[in-house]
Amino acid sequence: MISYDIDGVLAENPPIRNKKFELQTNDERTQYDNLLKIWYTNAKPLLFPKDEFIAISARKKSTEIIEITANWMNKYHKSLVHSIHLFDGKKTLDNVANFKAKCIQQNHITKHTEDNLDILFRLKKIVGNTVELYHWEKGMIEPKEF
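Quick note: the sequence shown uses my numbering, first residue 87, plus one each step.
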C-alpha cells in the first residue's frame, strides 16, 4: 500500500496563518478555522495517484474536517482512496511525524509521499529504510525519492 500527505501533495496548500497560533486571539483562530474549511472544500488537486492509496494528513481530526476531507477525496479520488487518517493532537513537527510514522507502520505502507522536508527528515529517522519516502511539491512532474 502507498500513502500520500494531503495538503501540498494531493491538494494545494492552504494559506498560512497571519501570525503564530499562540499570538492569535480566539476570534482570529475562529476566522482561520473557517477559512480552512472553505479552503479544504475548494482546494485545487495537485497530484493524481494511479493506484489505491491511503491519505495521511495533519489536518485537525474533527467531525466537520473529516466530512469535508472525505467529500473532497470522493470528488477527486473516489475509486482510489482506501482510507483517510487525520491528526488529533498538538501540532508540532515531532508529533505530526510520529503520527504519520504510526499510520505508515500500522497500514504496512511501502511508499509515502510528503511535501514537508522537516517531516520527511523525521520520518526517515523513525521508519528508516523500511519505507520509500518521496518529496513532492507544486510544479514537479513526479515525486522524487528522498
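Each residue gets a CB set at the ideal place from its N, CA and C atoms; glycine is no exception.
Given the structure is predicted, the values throughout are model-derived calculations rather than measurements.
Neighbourhood of residue i by C-beta distance below 6 Å, restricted to the same chain and skipping five residues each side
i       : result
Ala-200 : The displayed chain sequence assigns Glu, not Ala, to residue 200. Hits under 6 Å: Asp-91 and Leu-206.
Gly-94  : Asp-201
Tyr-118 : Arg-103
Sheet register partners of residue i (DSSP bridge)
i       : result
Thr-199 : Tyr-90 and Tyr-220
Lys-230 : His-221
Leu-172 : Ser-143
CB contact flag (residue i, residue j, <8 Å)
i      : j       : result
Ile-88 : Phe-134 : no
Own chain, CB closer than 7 Å to residue i, minus 5 neighbours either side, in chain order
i       : result
Val-182 : Ala-144, Phe-173 and Ile-205
Leu-132 : Val-95, Leu-96, Ala-97, Glu-98 and Lys-224
Met-159 : Ala-141, Val-167 and Ile-170
Pro-229 : Thr-199, Tyr-220, His-221 and Trp-222
Ala-187 : Leu-209, Ile-212 and Val-213
Leu-203 : His-221
Candidates the options: closest to residue i by CA position
i       : options                               : result
Tyr-162 : Lys-136, His-194 and Asp-180          : Lys-136
Lys-123 : Phe-107, Glu-108 and Lys-147          : Lys-147
Ile-190 : Met-159, Gly-175, Pro-101 and His-171 : His-171
Lys-106 : Trp-158, Asn-120 and Lys-177          : Lys-177
Val-217 : Tyr-118, Asn-193, Met-159 and Asp-119 : Asn-193
His-198 : Lys-188, Lys-186 and Leu-219          : Leu-219
Asn-215 : Gly-175, Glu-231 and Pro-101          : Glu-231
Proximity test, Cβ basis, 8 Å: residue i and chain B
i       : result
Ile-205 : No chain B appears in this structure, which consists of one protein chain only.
Cβ-based neighbour list, residue i, same chain, cut-off 8 Å, excluding 5 preceding and 5 following
i       : result
Thr-196 : Met-87, Ile-88, Val-217 and Glu-218
Practice problem: Examine the Cβ distances between the stretch 160-169 and the stretch 207-227 and report whether three or more of them are shorter than 8 Å. | Solution: no
Exercise. Decide if the stretch 135-143 is in contact with the stretch 101-116; the criterion is three or more beta carbon pairs, one per stretch, under 8 Å apart.
Key: no
Quiz item: When the Cβ atoms of the stretch 150-166 are set against those of the stretch 123-132, are three or more pairs found closer than 8 Å?
Solution: yes
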